[in-house]
Structures are given as C-alpha cells and as structure tokens.
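Okay, structure first, notes after.
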Amino acid sequence: MIPFELRSPDTGNPLKADGPHALRDAETGARWPVIDGIPYLRINRAALVERVLAHLDAGEPDEALAALLVDQDDWWNGPPADPAGIIRLIKERRTATLRDAVELLGWGRVGDYFLHRWSDPTFLAGLSLLEAHWNEPVCVFEFACGIGHYLRELQRRGCKVAGADVVFAKLWVARHWVVAEKAQLVCFDAGSAHWPIAGAPVDLVVCNDAFYFLDDKAVLLECLRQNAGDDGWLALSHIHNRDCPGFSAGRAVTAEEIAELFPDALVYDDAELTRALVEARAPGPQEPAALRTCEAFSVVCGPGMRPAPRALVDGLTLPKPRTVLRLNPLYAPEGDGYVIRWPSERYEAEYGPRATYPLHSPGPETLTFDENLDASETQRVRVREFVDLPERW
C-alpha cells in the first residue's frame with residue numbers, strides 16, 4: 015500500500031478506521047463509508063453517506079453498495095441506471111464479465127469508451143508519454159483513474175499503484191475486473207475543501223483525459239505536485255485544446271494557459287505521441303505556442319522527470335513476454351478474416367480517423383507475445399491489432 019494519510023474532505027482532519035466499513039474524523043466524529051476497501055469521501059452527498067452508513071451498520075452491504083453504484087459525476091447526462099440491473103450485477107459480480115458490468119451499470123457511450131480504451135489512440139498517447147520519460151517509479155498515483163486502465167499497466171510493471179475518481183462505480187469496477195487487489199482506490203471530489211490524500215508518497219502522478227474537466231486547475235495542479243513531492247514527476251495527457259473543438263465536455267484550455275500552468279513542462283501534441291508509438295521512435299515536444307491547432311496537449315513536469323524523451327521501443331508500450339493477446343474486440347468476422355465494427359457512430363467519428371490498427375485483419379483470434387515474433391507481427395501488436403485484455407473482459 016502507498017502510505018497516503020487520508021483526511022476528511024470537509025475539515026482536513028485525519029480519518030481513522032471505525033470498524034470494517036467506515037472511517038471516522040478524528041476530531042468531529044463524522045463518519046465516511048468504505049466498501050470493498052474503497053473509501054467514499056465525496057462532498058455534498060450527506061444524505062447518501064448517511065443512507066449508506068445506515069445500511070452498512072445494519073449488516074446490509076449489498077444495499078449500501080447499490081446506493082453508491084448509481085452515484086454519478088456532475089457531467090453525466092445519461093439516464094439513471096436500472097435498479098434491477100444494479101442488483102443483478104451485485105449478485106453476479108464474481109462471474110459477470112466487464113461487458114456485463116458496463117451494460118448493467120447503464121454507462122452507454124462511456125461504457126463503449128471503457129471497453130475499448132486499450133486501443134484508443136488517446137490511451138496509447140498516454141502510455142507513450144509515460145514510456146518516453148520512464149524512470150522506474152516505485153509508487154504511482156493516478157488522479158481520475160476511471161476503471162483502472164493505466165493502473166493495470168503500471169501494476170503489471172511492478173509499481174505500487176493508487177487511484178482516485180469521483181465516481182465510486184468506476185473504482186468498484188476497477189477493483190473487480192481490471193486491477194489486482196493491492197491497488198489502493200479512493201473516491202473523492204477534486205473540488206473538496208481539503209485534499210483527502212495528504213503527503214508526498216509517490217514518484218509519479220498520472221492524469222489522462224480528465225484535467226480539462228476541472229474548474230480550478232491551478233489549485234488541483236498544486237495538490238498533484240504536493241503528492242509527487244520534491245523528487246517526483248507528473249504526466250498529464252489528452253488535455254483538450256479550447257481552440258480546437260472536439261467531442262468531449264469539460265473546460266478545455268489554450269496553449270497560453272498550458273504555458274502558464276506548466277512553466278517547467280515538456281509539452282506534446284497528443285497525436286504526436288500516438289504517431290511515435292506506431293513508428294517506434296522518440297516523440298518530439300514543442301513549445302506551447304507551436305501547438306495552438308492541436309486537438310489535445312500532453313505534458314510532463316516536475317523535478318523527477320526524465321529530461322529528454324526516449325524511443326518507444328519497449329516498456330509500457332508493449333506487453334510483457336509470454337502474454338497471450340486477443341484480437342482487438344473491435345473486429346468482427348467477415349469472409350475469411352475480420353473487419354472493424356465500430357460500437358457507435360460517435361466512437362467512429364472520434365477515434366476512427368486516428369486509429370492505429372487496420373480496418374481489416376486476417377486474424378488469428380489469439381497471439382502470444384514473445385521474443386520470437388518477427389518485426390511485422392510485433393508491429394501488429396504495437397498498433398493494437400492485438401490487445402492485452404483483462405481475463406473477464
């Protein structure tokens with residue numbers, strides 16, 4: 015476990031264990047629920063916290079869990095989850111697939127994004143950013159970690175990992191379908207009066223495809239820098255450019271704001287990172303002023319970062335030897351081979367133009383990655399024609 019000191023998001027007071035399913039404010043006595051080892055520390059949810067604690071205190075953990083699984087972030091504009099589907103998922107969580115979980119939680123297009131993120135060009139850009147500046151971090155914290163795509167990759171490289179997200183259901187899915195048990199997960203709001211994870215216990219702080227959502231970015235960035243301390247570094251990828259409208263909601267930034275927020279950073283065009291992965295070369299950073307027309311920025315900063323990018327030839331951007339890969343699930347059988355079938359028109363419009371994988375594949379359905387693969391087969395892995403999916407995908 016990473017030695018974060020959990021604090022109340024309301025008071026900043028230390029939180030101590032209060033039985034197996036709660037934390038207590040050491041000074042005020044206020045309590046916060048913990049389910050499956052995930053503390054729920056969201057602000058402005060007093061009634062929900064009270065209801066969940068009441069269920070837990072009464073020995074009704076499934077009812078408590080159901081209440082938290084329907085809680086969403088403020089950007090959510092989809093329909094509420096079907097209560098019957100939530101109950102079914104809770105009962106079947108040991109046998110259900112990740113696809114089942116996404117469907118029963120009612121995540122819609124967000125579910126499409128999570129199920130296929132392992133080959134999304136924006137996800138690959140984030141991996142490339144980490145690999146280009148990799149310096150063997152021991153402890154890694156990911157802010158807005160979603161269901162744990164990056165945490166899984168980092169954990170499989172031997173890192174101790176912790177993740178935070180504002181949506182409890184995403185962390186719960188991460189716990190059961192994506193990351194190993196030792197991952198430390200915490201649910202809280204970025205806009206809390208007090209940052210709930212105090213101290214500087216990590217070597218690397220990661221944030222992908224989320225920084226642009228937040229209101230007070232300077233305050234958030236200061237909190238993340240404190241977690242990295244005097245020796246760590248930060249990697250923030252896919253920060254939307256306000257001067258290049260895209261598909262996502264949020265509060266995007268300009269090149270000038272990137273320069274102001276990250277005066278010590280190396281700045282990349284997000285798409286350049288994906289191209290560098292495909293071409294097995296080092297990505298090229300640029301001055302923010304030269305990136306005014308890019309769709310999204312990526313940055314690395316902090317005293318612990320590698321000062322110059324390395325070539326993307328191994329490490330995080332490729333699977334570990336002897337990993338059994340599956341044909342990208344975006345492919346569907348057609349004739350003697352397979353063809354891409356997009357999960358939605360929106361997904362195709364957002365990711366199709368920069369997809370790294372070919373529209374057609376001869377297969378096979380599985381491929382073992384090892385040192386005996388020739389260059390062409392390795393390239394098929396590099397472009398995510400084949401992917402390393404969770405066991406219960």
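Be aware that the sequence shown starts at 15, since it is given in our numbering, and climbs by one per residue.
Each residue gets a CB set at the ideal place from its N, CA and C atoms; glycine is no exception.
- Cβ-Cβ distances below 8 Å link arginine 59 to Asp85 in the same chain, with the five nearest sequence neighbours on each side left out; the list follows chain order.
- In the same chain as valine 219, and ignoring 5 residues on each side of it, the C-beta atoms closer than 6 Å to its own belong to Phe155, Leu238, Asn241, Ala242 and Leu248, in chain order.
- In this structure serine 133 touches valine 401 by the C-beta definition: roughly 5 Å separates them, less than 8 Å.
- Cβ contact annotation for alanine 44 (same chain, cutoff 8 Å, sequence separation greater than five): Ser22, Asp24, Thr25 and Arg38, in chain order.
- Bounds of any alpha helix (DSSP H) do not take in valine 397, whose DSSP letter is neither H nor E.
- In the DSSP assignment, glycine 99 falls within the unbroken alpha helix (DSSP H) covering 97 to 105.
- Bridge partners of glycine 366 according to DSSP: none are assigned.
- The Cβ-Cβ distance between leucine 70 and proline 210 does not fall below 7 Å.
- Counted as a single uninterrupted DSSP element, the stretch harbouring valine 233 is not any beta strand (DSSP E) but the alpha helix (DSSP H) occupying residues 231 to 242.
- For histidine 147, the closest C-alpha among the options Pro323, Leu341 and Tyr365 is that of Pro323.
- Around the beta carbon of proline 333, a 10 Å sphere encloses 16 or more other beta carbons of the protein chains shown; the residue is thus reported as buried.
- Ala139 is the residue among Ala139, Ala61 and Pro28 whose C-alpha sits nearest the C-alpha of leucine 291.
- DSSP places leucine 82 within a helical segment (H, G or I) once states are collapsed to three.
- For alanine 36, no alpha helix (DSSP H) encloses it; the enclosing beta strand (DSSP E) starts and ends at 36 to 39.
- For serine 142, the enclosing alpha helix (DSSP H) covers residues 135 to 146.
- Taken through DSSP and simplified to helix, strand or coil, phenylalanine 276 comes out as coil.
- DSSP lists Val220 and Val314 as the beta-bridge partner residues of alanine 249.
- Proximity of the region 384 to 402 to the region 336 to 346 meets the contact definition, three or more beta-carbon pairs being nearer than 8 Å.
- The region 283 to 333 contains, as complete beta strand (DSSP E) runs of 3+ residues, the segments 310 to 315 (chain order).
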